[in-house]
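Notes for the one structure printed next.
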Amino acid sequence: MKPGWYLGGAALAGLCAYTLGAQAQGRMWDPAILRRGPAAGRPRIALTFDDGPHPLLTAATLDILRSAACPAAFFCIGERALRHPELVRRARDDGHLVGNHTLSHRHAWLLTPGATHHEIVGGATALRGVLDQPIAWLRPPWGAFNAATYVAARKAQQRIALWSVAAPDWAPGARAESILAAVLARAHPGAIIDLHDGGRDEAASAEMVAALPALVAGLRARGYDLVRMDQLGAGEGAAPF
Ligand SMILES: [Zn+2]
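Numbers 35 to 275, taken from the working numbering, label the letters of the sequence shown in order.
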């Protein structure tokens, strides 16, 4: 084999370790990453909302949660938080958890270590500036990891949280009825449910908002307590605190 082939092979192996290896660690076996709460005890579920704040959809989501007295978590995009800081502060003041969804929502597989650091630490810095308090949690966009994600999260002093139920509220053509049916069908004790209050497809996020009152009521009717993600208790992954 020519030397160039060895070099090319080594580069490809390194790239695979940087992306796919890190992805497998994050999605499958890293015990430090929160994916769900405990299944035992009184059944609890945590709602989480990604991709906001959005001036209309986040405000509507907060209105619904307030009238239902339902706590949740909002994983905000730093650049959007800087554009709508009042919504981030309102989420916090309403008793919700505010987490980091990076500075501009780029896919980790496309980021160098330096850009990964910029996205994660930059998002944390933006939110800390808006709220004047530390931000304890990170949710990587699309749940995508590279090897630098772990280092940057540690540097930002953030724990990583994923989800155990993905709502189909991000895809074009999503309808409130199908979002509601899918989440109720997949709900389980200790679930962390991933919803989108400001997804790229605004119509789909609007369908989520339309489904939200029935979603909260439906989960409660099935016996679930709706709690903040950091109050689920110890589950898969280490205890939240
Ligand atoms: Zn996202």
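Idealized CB from N, CA, C, for every residue including glycine.
Asked: Coil, strand or helix - His222 by DSSP; Found: coil
Asked: Sub-9 Å separation of Ile194 and Ala66 beta-carbons; Found: yes
Asked: Nearest to Ile79 (by Cα), restricted to the options Arg69, His88, Pro87, Gly86; Found: Arg69
Asked: Beta-carbon proximity of Met242 to Leu253, cut-off 9 Å; Found: no
Asked: Integer Cβ distance of Asp231 from Thr92, believed to fall under 8 Å; Found: 5 Å
Asked: Proximity below 9 Å, CB of Gly60 to CB of Pro174; Found: yes
Asked: Segment limits, alpha helix (DSSP H) that includes Arg209; Found: Run containing Arg209: none; DSSP gives neither H nor E here.
Asked: For Ala178, the nearest candidate out of Gly42, Lys36, Gln57 (CA to CA); Found: Gln57
Asked: Heavy atom of ligand 1 within 8 Å of Pro175 beta-carbon; Found: yes
Asked: Meets three-Cβ-pair contact criterion under 8 Å: the region 104-119 and the region 152-169; Found: yes
Asked: Cut-off 7 Å between Cβ atoms - residues of its own chain near Ala125, not counting five sequence neighbours on either side; Found: Leu96, Phe108, Val132
Asked: Status (buried if at least 16 other CB within 10 Å, exposed otherwise) for Tyr52; Found: buried
Asked: Cβ-Cβ distance between Ile213 and Leu81 below 9 Å; Found: no
Asked: CB of Thr136 within 9 Å of CB of Leu172, strictly; Found: yes
Asked: Three-state secondary structure (DSSP) of Asp127; Found: helix
Asked: Met18 burial status per 10 Å Cβ neighbour count (16 or more: buried); Found: Since the first residue shown for the chain is 35 and the last is 275, residue 18 is missing from the structure and cannot be characterised.
Asked: Supposed close pair Ala182, Thr150 - CB separation, criterion 8 Å; Found: 4 Å
Asked: Burial state of Gln192 (16 or more Cβ within 10 Å); Found: buried
Asked: Cβ neighbour criterion (16 or more within 10 Å) applied to Tyr184; Found: buried
Asked: Per-residue burial, Ser101 [other beta carbons within 10 Å of its own, 16 or more giving buried]; Found: exposed
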